[in-house]
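Counting in this note's numbering, the sequence shown runs from 59 upward without gaps. A virtual CB, placed ideally from N, CA and C, is assigned to each residue, including glycine. This one's a predicted model, so the numbers in the text were calculated from it and none came from an experiment.
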Amino acid sequence: MILTTTHNIENFKIVDYLGIVTGIAYDSSYSSNGTKMSFKDMFSMSKYYEKYTLVLENIKEKAFQNLKENALKLGANAVVGIQLDVEPLANSSTLFVSITGTAVKAE
Numbered sequence: 059m060i061l062t063t064t065h066n067i068e069n070f071k072i073v074d075y076l077g078i079v080t081g082i083a084y085d086s087s088y089s090s091n092g093t094k095m096s097f098k099d100m101f102s103m104s105k106y107y108e109k110y111t112l113v114l115e116n117i118k119e120k121a122f123q124n125l126k127e128n129a130l131k132l133g134a135n136a137v138v139g140i141q142l143d144v145e146p147l148a149n150s151s152t153l154f155v156s157i158t159g160t161a162v163k164a165e
């Protein structure tokens, strides 16, 4: 499946616009693959950012998988105009990722 932030696909013609699709995912920013960050590691900025980056990448990947599944349900072979939003949930260590785009058929 083709995923792009642009509204067209080079060397392809969009033949049908199927609708807006989303992919969302969320998780704790202090946990990854079932392991929690230790209290001591929270005060090590390099370890904190390393864990935070790893967790964010995993959440984004889950959101992209959800986006693709939703586009496939509509019969799409591409999603154009993708926008990604990352938000921390208030008063928690949870990150929320939302990806939105337009599902299309392209030839």
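**Coil, strand or helix - K131 by DSSP** = Taking the first residue of the sequence shown as position 1, residue 131 is located at position 73. Three-state DSSP puts K131 in a helix.
**Asked** Hey, would you say L76 sits closer than 8 Å to L132, going by beta carbons?
**Response** For the purposes of this step, residue 76 is taken as residue 18 along the sequence shown, with counting starting at 1. For the purposes of this step, residue 132 is taken as residue 74 along the sequence shown, with counting starting at 1. Between L76 and L132, the C-beta gap is smaller than 8 Å, which places the two residues in contact.
**Item:** Residues of its chain near A129, where Cβ-Cβ distance is below 7 Å and the 5 sequence neighbours each way are ignored
**Value:** Position 71 of the sequence shown holds residue 129. Here A129 has M59, V79, V137 and A161 as same chain residues with Cβ atoms under 7 Å from its own Cβ, once five neighbours each way along the sequence are excluded.
**Spatially closest choice to A148 from A134, S86 and T63, by CA coordinates** = Stepping through the sequence shown from its first residue, residue 148 is reached at position 90. Ranking the options by Cα distance to A148, first place goes to S86.
**Item:** Reference V155; option with closest CA among Q123, A134 and A164
**Value:** Along the sequence shown, read from residue 1 onward, the residue named residue 155 stands at position 97. Of the listed residues, the one whose Cα sits closest to V155 is Q123.
**Message:** Check this for me: beta carbons of T72 and A121, under 8 Å apart or not?
**Reply:** One-based indexing of the sequence shown puts residue 72 at position 14. One-based indexing of the sequence shown puts residue 121 at position 63. At residue 72 the sequence reads Ile, which differs from the Thr that was named. Not a contact, by the Cβ cut-off of 8 Å.
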